[in-house]
Every structure is written in C-alpha cells, then in structure tokens.
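K.L.:
Please find one structure pasted underneath; my questions will follow.
Residue numbers (full-length UniProt numbering), protein chains in the order written: chain A, 1 to 225; chain B, 1 to 225.
Right, dumping it as structure tokens:
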C-alpha cells in the first residue's frame, strides 16, 4: 500500500492520505472494502460460487442493493462455466456492454462478443415493424447464434423477445444475463425470464445497466478460468 | 401508447399489460415516470437548466440518489453548451464511456470522442511508472487536447492527475464530467475537482460510472442543440 511518486506530492499539497493509487492494489483494496461492508454474516450466508459475481457488480456500481436483487436461477453458475469453457459467443444488447467485456479474458476461452444493435438490417426492420432494435437484435441472434450467452444490460424488450423465442424453441441461450435498467417494462421483463427454465443471472427490480452486464461476464471468466 | 403487434400476443399469454413497447414512446414514458416520482416540489426547486441532465442520469441508472449527489460547479451548464458548440473534443477515461456517447449527436457539433486507455504508449508508460493507465491517459490528453471536455466515468486517478495538471496549468478542460465509481479514492478525487475553478459536473460520493458519464454527455448535446 501507500502512495506512488506522483501522488506523494499531491498528498503533501492536499493533506489527503490516499488509500493506494498503485494500479495493482486498487482493485484488491476495493474488494476488501466491499467485503468489510457486507459483513461476515452476509458473506457466510451468500452462496460461495455466486459471491465473486456479486462482489464485482458492487465494485462496478458501488451499490450494495445488488446484494438483495441479484438472482441466480436454474443452475446459472454451473451453466455459465460450461458455456464459457465451450467458447460460446456472447451477444450483448448494447455496444456499451460489448465494450465493457474483457476481450482478453473472453478470447482465452474463444468466446466472441457480438452486438447487432447498430446493424443496418436491424435498424431497418425495427423501423418497418415499429419494434425496438433491441428486440429485432434478438431475432438476428436466434438465426445466427441460437446457442449462445445472451447479456442484456439495457433493453427490456430484448428480454421480452428472448422470452417469446425461448417458448417457441427458436433460441435456447446457455445463459441469460438479464440486467436491463429503467422504468418501462424492466421489472416485468426480468420476472418473465425467471419463469423460463434457462439458466439466468438477473438483477431484479429497476436497477442494472450495461456496465452491470459486462461486470457479470467478466466475473464469470474468472470463475470459469 | 399501447402494445405493438408483437407484444399483443405476449400480453395475452402472460396477462401482463405493458405500459408501451413502442420505441418512440418508451423514453418519453420513462421520463414521465421519473418526473412523477421526483415530485412537483423537487422539480420546481431544481435548477431548470440542470434538470435534463439529472433526468437522463436517473433514466440511465434508475437511481434517484443522483437527485442529491449531482453537483454543477463553476457555471457548468453554460460552459458545457459553449464547449459543445465550439466542437471541442471529448476525452473519456474508458472505452465504455466513449461507446455510450451518442456519436451522431456529437458529430452534429463536430465533437470527436477520444479514449487513450488502450493505447500501447499509455500501457507501457503506466507500467514503467507504476501509475494507472487512467492517470497516464490524462497526460496524453494534456499534450494532444489541452482544450477539451474531459469525461471520467471510472478511474478516480484520472481526476487526481487532472487536478494536478490543472494546478500546473498544463491542461484546462472547458468542462470536467467527474462520475467515477467505487471505493478507493473516489470520493476524495471528486471533491478535489470541485476545489478547482474548472466548470464541472460531478456525482458526489461513491456512485457513478461510465454509463453516467456518457448519459451526461448525451444530455448536454440536447441542451446545446
């Protein structure tokens, strides 16, 4: 621990004592702080295999709410590890989620990351059918990668369309990461996914985000590694 | 309002009545819900020019905490509009933040979006000097784009280095968006930025994120437009 050369001067000037500004220590320190705040009894009661995912989500959001809202359904952790080790493609609903996924970690398993939201054919079809691009993207994924990990961090309509296509046996993701955020249909869409038999990691309620979806993927790479 | 063709069937099957799944209505409905929950007295007391930024941040996070934590310092809104209309480059600390910025909106003003975190020279120098890449990126920005908008959604050390370079007159951002998230040095770094005379939009406390930084940029494009 302790300051590096460049922050020593800053500490002297400001009177602030930084916990650490060393790259290799910041993350470790953060995780220690998170575990300290969660407390021993929470940590002891939380399923051990799921804990690294929760810790990384809290690290990404500084929001302890996820301690209550994160749900692991239908053997999600085991399914996630299998899917990653098989090198299944990861489909995200936003470029932000795709951008937040650690490509080096994904690459080790041969997992490619795809996002169709900006594709011209998706845009055109969405406009034509008065659908969201997120929902049309799911249809494209069902055609190209029916066997995949689907990570939804933004658009609840992606989860709604996923739900329908799963029921119609047109897509069968090995894992759904369902963390869309917002106000319209978000809570409902997440609950519908939890009614399927597909392994899923879902942040119940309104909160979530592309950053949360990416953080979950990145935590899963560590577990699978 | 009302369901589209593809969700009518889903509504019948599930018994859920979706508020709307029409792309053009989802955002409007979301903002109505946010304003309703904030309440009339809050809305009336919140500075009118800053409100669209707050609403978009809450829309992005579903977190009303930002109603208290978002701070606009040193004429931030006026400075932001001027900077955007001048087409100043926007430097982000993460590719996720860069990815979340609406490029079409930025392009209308001629604002380019840059992120140096993945650059080889930044990586090497950070390793050599035992600094974070976020901090080294600020030095690179100071050399290439001293007159810029700097949006920090993740790394507090970027704000610490910005603070130092501002004091050394080596960079003078027209606006700092300071919304890093986390546990180590995050609160302190944000407070230091608020001690400068640089116009700044800062999410005080631990919370924030690359998504928040991008959302603020996107809200500012609308205000400047």
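Think of the CB as a built atom: it goes at the ideal place given N, C-alpha and C, for glycine as much as any other residue. Keep in mind the model is a prediction, meaning the values are calculated, not measured.
Consult DSSP for residue 186(B) and reduce its assignment to one of helix, strand or coil.
P.N.:
Your numbering for residue 186(B) matches position 186 in the second chain. Helix.
K.L.:
Per DSSP, what kind of secondary structure is residue 107(B) in: helix, strand or coil?
P.N.:
Your numbering for residue 107(B) matches position 107 in the second chain. For residue 107(B), the three-state secondary structure derived from DSSP is helix.
K.L.:
Roughly how many angstroms lie between the CA atoms of residue 38(B) and residue 89(A), to the nearest whole one?
P.N.:
Indexing the second chain from 1 puts residue 38(B) at position 38. Indexing the first chain from 1 puts residue 89(A) at position 89. Distance between the alpha carbons of residue 38(B) and residue 89(A) is about 40 Å.
K.L.:
For residue 83(A), which residues in the same chain have their Cβ closer than 7 Å to its Cβ, ignoring the five residues on either side in sequence?
P.N.:
The sequence position of residue 83(A) within the first chain is 83, counting from 1. 149, 174, 175.
K.L.:
Between the beta-carbon of residue 91(A) and the beta-carbon of residue 59(A), is there less than 9 Å?
P.N.:
As a working note, residue 91(A) is residue 91 in the first chain. As a working note, residue 59(A) is residue 59 in the first chain. In this structure, residue 59(A) does not lie closer than 9 Å to residue 91(A) by Cβ.
K.L.:
How about the stretch 60-79 of chain B and the stretch 157-165 of chain B: do they share at least three Cβ pairs that are nearer than 8 Å?
P.N.:
In short, these stretches do not touch, since the Cβ pair count stays below three.
K.L.:
Name the DSSP bridge partner or partners of residue 175(A)?
P.N.:
Working through the first chain from its first residue, we reach residue 175(A) at position 175. According to DSSP, residue 175(A) bridges with 149(A).
K.L.:
Whose CA, out of 199(B), 36(B), 119(B), 122(B), lies closest to the CA of residue 151(B)?
P.N.:
Along the second chain, one-based indexing puts residue 151(B) at 151. Residue 199(B) is the option with its Cα nearest to residue 151(B).
K.L.:
Keeping to the same chain, check which residues put their C-beta closer than 7 Å to that of residue 117(B); ignore five residues upstream and five downstream.
P.N.:
Here residue 117(B) refers to the residue found at position 117 of the second chain. Here the set comprises 93, 94, 95, 133, 134, 137.
K.L.:
Here's the rule I'm using: 16 or more other beta-carbon atoms within 10 Å means buried, otherwise exposed. How should residue 207(A) be labelled?
P.N.:
Here residue 207(A) corresponds to residue number 207 of the first chain, with the count starting at 1. It counts as buried.
K.L.:
Could you spell out the range, first to last residue, of the alpha helix (DSSP H) harbouring residue 59(B)?
P.N.:
If you number the second chain from 1, residue 59(B) lands on position 59. From DSSP, the alpha helix (DSSP H) with residue 59(B) extends over 51-61.
K.L.:
Return the residues of the stretch 45-77 of chain A that lie within a Cβ-Cβ distance of less than 8 Å from chain B, sorted by chain order.
P.N.:
The residues in question are 59, 60, 61, 62, 63.
K.L.:
Starting from the N-terminal side, write out each stretch of the beta strand (DSSP E) that is 3 residues or longer and does not extend beyond the stretch 112-144 of chain A.
P.N.:
113-115
K.L.:
Could you compute how far the alpha carbon of residue 166(A) sits from the alpha carbon of residue 142(A)?
P.N.:
The residue you call residue 166(A) lines up with position 166 of the first chain. The residue you call residue 142(A) lines up with position 142 of the first chain. Roughly 9 Å between the two C-alpha positions.
K.L.:
Please state the DSSP three-state secondary structure of residue 16(B).
P.N.:
The count along the second chain starts at 1 and reaches residue 16(B) at position 16. Of the three classes helix, strand and coil, the one that applies to residue 16(B) here is coil, per DSSP.
K.L.:
With DSSP as the reference, label residue 64(B) as helix, strand or coil.
P.N.:
Taking the first residue of the second chain as position 1, residue 64(B) is located at position 64. Coil.
K.L.:
In chain order, what residues of the same chain have a beta carbon less than 6 Å from the beta carbon of residue 2(B), not counting five sequence neighbours either side?
P.N.:
The residue labelled residue 2(B) in the question sits at position 2 within the second chain. Because the pLDDT at residue 2(B) is just 45, under 50, the model does not fix this residue reliably, and the value given afterwards should be weighed accordingly. If we look at residue 2(B) and ignore the five residues flanking it on each side, it has no Cβ neighbours.
K.L.:
Which of the three DSSP states, helix, strand or coil, is assigned to residue 70(B)?
P.N.:
For this step, residue 70(B) is matched to residue 70 along the second chain. Correct three-state label for residue 70(B): strand.
K.L.:
For chain B, check one thing: does any of its Cβ atoms lie closer than 9 Å to the Cβ of residue 196(A)?
P.N.:
Within the first chain, residue 196(A) is the residue found at index 196, counting from 1. No, residue 196(A) lies away from the interface with chain B (no Cβ there is under 9 Å from its Cβ).
K.L.:
Measure from the alpha carbon of residue 235(A) to the alpha carbon of each residue in 184(B), 222(B), 6(B), then state which is nearest.
P.N.:
Because residue 235(A) is not part of the residues shown, which for chain A are 1 to 225, the question remains open.
K.L.:
Indicate whether residue 211(B) and residue 20(B) have their beta-carbon atoms separated by less than 9 Å.
P.N.:
Position 211 of the second chain holds residue 211(B). Position 20 of the second chain holds residue 20(B). No, the Cβ-Cβ distance between residue 211(B) and residue 20(B) is not below 9 Å.
K.L.:
List the residues of chain A whose Cβ lies closer than 7 Å to the Cβ of residue 29(B), in chain order.
P.N.:
The residue you call residue 29(B) lines up with position 29 of the second chain. The answer, in chain order, is 184.
K.L.:
Bridge partners for residue 92(A) per DSSP, in chain order?
P.N.:
Mapped onto the first chain, residue 92(A) falls at position 92. In DSSP, residue 92(A) forms a bridge with 115(A), 151(A).
K.L.:
In angstroms, rounded to a whole number, what distance separates the CA positions of residue 54(B) and residue 8(A)?
P.N.:
On the second chain, position 54 is the one that residue 54(B) refers to. On the first chain, position 8 is the one that residue 8(A) refers to. Their Cα atoms are separated by approximately 35 Å.
K.L.:
Please classify residue 201(B): does DSSP put it in a helix, a strand, or coil?
P.N.:
Taking the second chain and counting its residues from 1, the one referred to as residue 201(B) is at position 201. Shown here, residue 201(B) sits in a strand according to DSSP, grouped into three states.
K.L.:
Does the beta carbon of residue 20(A) sit closer than 9 Å to a beta carbon anywhere in chain B?
P.N.:
As a first step, residue 20(A) must be located in the first chain, where it is residue number 20. Yes - at least one Cβ of chain B is within 9 Å of the one on residue 20(A).
K.L.:
So, under 8 Å CB-CB, residue 156(B) and residue 189(B) are touching, yes? Tell me the CB distance rounded to an integer number of Å.
P.N.:
Translated into positions along the second chain, residue 156(B) becomes position 156. Translated into positions along the second chain, residue 189(B) becomes position 189. Contact holds; Cβ gap of about 4 Å.
K.L.:
Using a Cβ cut-off of 8 Å, pull out every chain A residue sitting near residue 10(B), in sequence order please.
P.N.:
For the purposes of this step, residue 10(B) is taken as residue 10 along the second chain, with counting starting at 1. Simply 160, 163, 164.
K.L.:
Against chain A, which members of the stretch 209-224 of chain B pass a CB distance test of less than 8 Å?
P.N.:
209, 210, 211, 214
K.L.:
Hey, how far is the Cα of residue 22(A) from the Cα of residue 24(B)?
P.N.:
Position 22 of the first chain holds residue 22(A). Position 24 of the second chain holds residue 24(B). Between residue 22(A) and residue 24(B), the C-alpha separation is close to 46 Å.
K.L.:
Counting only beta-carbon atoms, is residue 23(A) nearer than 9 Å to chain B?
P.N.:
To locate residue 23(A), count along the first chain from 1; it is residue 23. Residue-level contact by beta carbon holds for residue 23(A) and chain B, with a gap shorter than 9 Å.
K.L.:
If you check the beta carbons only, do residue 154(A) and residue 214(A) fall under 9 Å apart?
P.N.:
For the purposes of this step, residue 154(A) is identified with residue 154 of the first chain, where counting begins at 1. For the purposes of this step, residue 214(A) is identified with residue 214 of the first chain, where counting begins at 1. Not a contact, by the Cβ cut-off of 9 Å.
K.L.:
Let me check understanding here. Comparing Cα to Cα, which of 121(B), 110(B), 49(B) lies closest to residue 201(B)?
P.N.:
Walking along the second chain from the start, residue 201(B) turns up at place 201. Out of 121(B), 110(B), 49(B), 49(B) has the C-alpha closest to the C-alpha of residue 201(B).
K.L.:
Answer yes or no: does any C-beta atom of chain A fall closer than 9 Å to that of residue 117(B)?
P.N.:
Translated into positions along the second chain, residue 117(B) becomes position 117. Not one chain A Cβ lies under 9 Å of residue 117(B).
K.L.:
What does residue 206(A) reach in chain B if we use C-beta pairs closer than 8 Å?
P.N.:
For the purposes of this step, residue 206(A) is identified with residue 206 of the first chain, where counting begins at 1. Chain B residues near residue 206(A): 62.
K.L.:
Under a Cβ-count criterion, where at least 16 other Cβ atoms within 10 Å of its own Cβ denotes burial, should residue 226(A) be classed as buried or exposed?
P.N.:
Missing from the structure shown is residue 226(A); chain A here goes from 1 to 225 and no further.
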